[in-house]
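One structure below.
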Amino acid sequence: MTKNHFLAFDIGASSGRAMLGTLENGHLTLAEVHRFKNQMSCIQGTYFWNIYLLFDELKTGLRKCINELGIQPQSIGIDTWGVDYALVNEKGRLTGLPFAYRDHRTDEAMEAFFQILPKKETYLLSGIQFMQFNTLFQLFASVQQLDPELRIAEKLLFTPDALNFLFTGIQKNEYT
């Protein structure tokens, strides 16, 4: 009987957890290994995610799997909410804490964007539902507000990919 073990991290806006999946004889069992709180941080009126604290929680979940359960997972997967991202500079370091999608910098960005590219064309190009916190409007708000981190950014990684980067050093986005 071969057992295959996989560790999945599921992170939402208010909590996260590490789930161990064990596949044996075609049967999958799930067990929660670690649960933790997640919240945005407000710094000088701007909302951010503390991605380093999240990374520490993921490492705790992995350590519990290995040290407490004696299980070395064959792979790990990371899932989070969409739309938010981290920027990486030329030295391969994050430029700062990622903005949180609920930050008010995007309050007027969507309508301002539609003054440049109308809704119909935006939809035809992106296929996205229009919500002020979508990545497109977050990036547009950063451009409008001359965010200095954009000047030093070489790459953009979506939140799960940024956490994967902290684990592996690999800068890639999962394309879906």
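As numbered in our numbering, residues 1152 to 1327 make up the sequence shown, in order.
Note that beta-carbon positions come from the ideal geometry of N, C-alpha and C, so glycine has one too.
Span separating the alpha-carbon of residue i from that of residue j
i: residue 1188; j: residue 1265; result: 36 Å
i: residue 1276; j: residue 1285; result: 14 Å
i: residue 1262; j: residue 1177; result: 51 Å
i: residue 1156; j: residue 1327; result: 24 Å
i: residue 1169; j: residue 1204; result: 15 Å
i: residue 1209; j: residue 1267; result: 41 Å
i: residue 1288; j: residue 1274; result: 13 Å
i: residue 1296; j: residue 1271; result: 25 Å
Contact under 9 Å by Cβ, residue i with residue j
i: residue 1228; j: residue 1158; result: yes
i: residue 1180; j: residue 1310; result: no
i: residue 1318; j: residue 1206; result: yes
i: residue 1315; j: residue 1323; result: yes
i: residue 1235; j: residue 1260; result: no
i: residue 1329; j: residue 1202; result: Outside the displayed range of the chain (1152 to 1327) lies residue 1329, so it cannot be described from this structure.
i: residue 1165; j: residue 1190; result: yes
Given residue i as reference, the closest of the options once Cα atoms are compared
i: residue 1197; options: 1301, 1255, 1300, 1295; result: 1255
i: residue 1199; options: 1298, 1247, 1311; result: 1247
i: residue 1172; options: 1272, 1185, 1204; result: 1185
Cut-off 7 Å between Cβ atoms - residues of its own chain near residue i, not counting five sequence neighbours on either side
i: residue 1258; result: 1283
i: residue 1293; result: 1301
beta-carbon residue i near the ligand COA non-hydrogen atom, thresh 8 Å
i: residue 1261; result: The model depicted lacks the ligand COA and carries no ligand whatsoever.
8 Å Cβ shell around residue i - same chain, five flanking residues per side excluded
i: residue 1220; result: 1171, 1184
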